Amino acid sequence: MATAYNSEIAVSIKSDKILCKEHELEVCQKCGVDWSPHNILAASLKSNEIPPPNAPNPTRNAQVNRLKDEGNKHFKQNNFSEAIRFYSMAVDLSWSRHLWEPLAFQYVREELSPVLSNRSAAHLSLKNYVEAYVDAEIVTRLKREWSKGWFRKGKALIGLGRVDEAREAFHTGLRFDHESEELKKAVEEIK
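Residue numbers for the sequence shown follow this note's numbering, beginning at 63 and rising by one.
Laid out in structure tokens, this is it:
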């Protein structure tokens, strides 16, 4: 049942809860409202108990890494569709991390950058240039200083026929990693 924000409400004096005004119910089928999540939140905010801090979830990290490794195995066997499937599962699992988990964004950033870079490479191998570009673009936004993302982005742009933008991506990557042979080679190839 969806919570309706534009419904008329009443506040119960006895229980200090939000109710539908017409039927004075917290969950009202007739009005199609469910105020219970709001009431639970309000009650927790009114209590004097301080919740314990959330702990990082090492199991999730290990699961993401196992899925990435499985994708890498399929990539090495040139089974790119299966590699994409495993990389996508790793991405979904990493993105499902609760934002209030300590260091959530840092974990997501560190987990997703290599997974999306690898998925971009698999898409490149299948000539799925738009998908390869999207993944590489996200990598460059998550981890701007990582030259591999710029390399993948440049390769996808070449596949899309956008050579000038590809050259710019390769040069951006070289600003972060002056020694990258793959970026130097890529620049030479499009001259």
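We treat Cβ as the ideally placed atom computed from N, Cα and C, and that holds for glycine. No experiment lies behind these values; they were computed from the predicted model shown.
If you ignore the 5 residues before and after Ala145, its C-beta comes within less than 6 Å of the C-beta of Gly133, His136, Phe137 and Ala184, all in its own chain and listed in chain order. Ranked by Cα distance from Asn127, the first of Ser98, Ser175 and Pro164 is Ser175. Taking all protein chains shown into account, Leu107 has fewer than 16 neighbouring C-beta atoms within 10 Å of its C-beta and is therefore exposed. When C-beta atoms of the segment 199-206 are compared with those of the segment 154-165, fewer than three pairs fall below 8 Å, so the two segments do not count as touching. Between Arg229 and Ile200 the beta-carbon gap is near 21 Å, outside 8 Å, which marks them as no contact. Straight across, the Cα-Cα distance linking Ala248 with Ser150 is about 27 Å. Taking C-alpha positions only, Ser143 is separated from Ser187 by approximately 10 Å. Apart from the 5 residues on each side of it in sequence, Gly221 sits with its Cβ closer than 6 Å to the Cβ of Tyr191 in its chain, given in chain order. Taking all protein chains in view, the Cβ of Gly235 is crowded by 16 or more other Cβ atoms within 10 Å, so the residue is classified as buried. Cβ-Cβ separation between Phe213 and Phe238: approximately 11 Å, too far for a contact (criterion under 8 Å). Within its own chain, the residues whose Cβ lies closer than 7 Å to the Cβ of Glu88, once the five positions on either side in sequence are excluded, are Lys79, Leu81, Trp97, Ser98 and Asn101, listed in chain order. Linking Tyr169 to Arg147 through their CA atoms gives a straight-line distance of about 21 Å.
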